[in-house]
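Written below as structure tokens is the structure these notes are about.
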């Protein structure tokens with residue numbers, strides 16, 4: 001089993017349009033971040049987490065030829081707005097794409113992509129929305145996924161545990177009940193926006209405290225802003241089992 005991080009940036013990506021800061025001007029590939037998304041795969045079954053504005057580029061870059069399902073953590077554009085580009089997968093499979101998400105998010109997808117559900121025009125994307133909640137357990141081939149509730153500020157969204165690994169994007173807080181779902185996790189991928197406090201995302205200090213509390217073997221920080229600083233400057237100051245995630249990172253377990 002492995003997860004490929006297709007993007008590790010925040011909603012604007014890195015570099016940010018029009019920004020000349022040291023991070024956005026960096027030539028280091030570790031400082032180039034597409035919008036956050038991940039691919040779970042066992043070599044036969046492919047499950048995507050989130051489909052943001054870089055979805056098409058990510059599918060081409062990582063040569064993804066089929067998707068068995070898409071999981072959406074929440075409805076913000078940097079996690080859903082690439083759904084129109086599922087069309088080649090529809091054409092290849094001859095089926096609608098199964099998209100699993102909260103009922104609230106499903107309603108937003110129907111609103112933003114109304115034409116998909118109301119127009120009978122050849123060539124449009126085909127989406128089958130499948131409602132799930134924080135306690136849903138999903139199985140796709142050999143891939144078993146347990147959902148959990150993550151608080152994105154005051155907005156409840158989804159995180160996912162896949163065996164020994166957990167993927168928690170846009171995290172600010174987690175209840176004690178949901179924290180229990182992460183007991184025994186060895187590999188943790190979670191938000192660390194930047195250094196300052198933020199109302200809806202953990203900053204670096206909060207993320208490191210969360211890692212220390214959960215005590216995984218390894219942790220990677222994603223959904224990272226250009227304000228975090230250059231990877232070459234940040235990584236040496238992190239605990240030995242923690243580093244900034246980067247686009248293309250592969251974690252196997």
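Numbering (the numbering used here), first residue to last: 1 to 253.
Cβ atoms here follow ideal geometry from the backbone N, Cα and C, with glycine treated the same way.
On a predicted model such as this, the values are computed, not experimentally measured, just so you know.
- Non-local C-beta neighbours of residue 31 in its own chain, meaning closer than 7 Å and more than five positions away in sequence, comprise 14, 23, 230, 231, ordered along the chain.
- By the beta-carbon neighbour count (other beta carbons within 10 angstroms, threshold 16), residue 60 is exposed.
- Here residue 58 is not bridged, per DSSP, to any residue.
- Boundaries of the beta strand (DSSP E) around residue 37: 37-41.
- Non-local beta-carbon contacts of residue 130 in its own chain, meaning distances under 7 Å to residues more than five positions away in sequence, involve 98, 99, 100 in chain order.
- Three or more beta-carbon pairs separated by less than 8 Å link the region 73-89 to the region 102-112, which places the two stretches in contact.
- By DSSP's assignment, residue 90 forms no beta bridge with any residue.
- Taken atom to atom, the span from the alpha-carbon of residue 1 to that of residue 77 is near 28 Å.
- Taking the C-beta atoms as reference points, residue 175 is found no nearer than 8 Å to residue 192.
- Residue 237 counts as exposed, since fewer than 16 other C-beta atoms from the protein chains shown sit within 10 angstroms of its C-beta.
- C-alpha of residue 112 to C-alpha of residue 125: approximately 13 Å in a straight line.
- One Cα belongs to residue 244, the other to residue 83, and the distance between them is close to 27 Å.
- Per DSSP, reduced to three states, the secondary structure at residue 156 is strand.
- One Cα belongs to residue 117, the other to residue 127, and the distance between them is close to 8 Å.
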